[in-house]
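Report on the structure given below.
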Amino acid sequence: MKICQVEKPLVATNRIPGLEHRHLQVVRDGSSKAVAVDAVGCTPGDWVICVGSSAAREAAGHKEYPSDLTIVGIIDHWKED
Numbered sequence: 021m022k023i024c025q026v027e028k029p030l031v032a033t034n035r036i037p038g039l040e041h042r043h044l045q046v047v048r049d050g051s052s053k054a055v056a057v058d059a060v061g062c063t064p065g066d067w068v069i070c071v072g073s074s075a076a077r078e079a080a081g082h083k084e085y086p087s088d089l090t091i092v093g094i095i096d097h098w099k100e101d
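Counting in this note's numbering, the sequence shown runs from 21 upward without gaps.
Right under this line is the structure:
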């Protein structure tokens with residue numbers, strides 16, 4: 021699991037089948053950015069818990085889902101270092 025901060029939504033209108041109804045978010049993990057499937061409905065500025073690999077596919081809906089990073093929780097309180 022990773023702790024990331026949501027920067028902004030990512031809009032991509034042309035997607036492969038199965039990805040069409042999922043919200044995507046740009047997240048920051050330190051100085052690097054990534055795109056994550058939003059399974060919980062977060063907003064920019066939220067600190068979130070992300071999972072990767074097969075856990076990301078399961079959290080996004082099923083084992084065949086094409087995700088390698090999925091947001092699975094919004095952190096209620098986080099004091100950034």
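Glycine included, each C-beta is placed from N, C-alpha and C at the ideal position.
Assumed close pair residue i, residue j - CB separation to whole angstroms, cut-off 8 angstroms
i, j, result
"I23", "V60", "So it is not a contact: roughly 14 angstroms between Cβ atoms."
"D88", "G72", "6 angstroms"
Closest by C-alpha distance to residue i, when choosing among the options
i, options, result
"I36", "Q45, Y85, A75", "Y85"
"R42", "A54, E27, T33, W67", "T33"
"M21", "P29, V55, T63, A75", "A75"
C-alpha gap between residue i and residue j, whole angstroms
i, j, result
"V57", "K99", "24 angstroms"
"I94", "I69", "6 angstroms"
"W67", "D96", "8 angstroms"
"E27", "D49", "10 angstroms"
"S52", "Q25", "11 angstroms"
"P29", "A54", "11 angstroms"
"V47", "A80", "16 angstroms"
Assigned exposure category for residue i - 16 Cβ within 10 Å defines buried
i, result
"V31", "exposed"
"R77", "buried"
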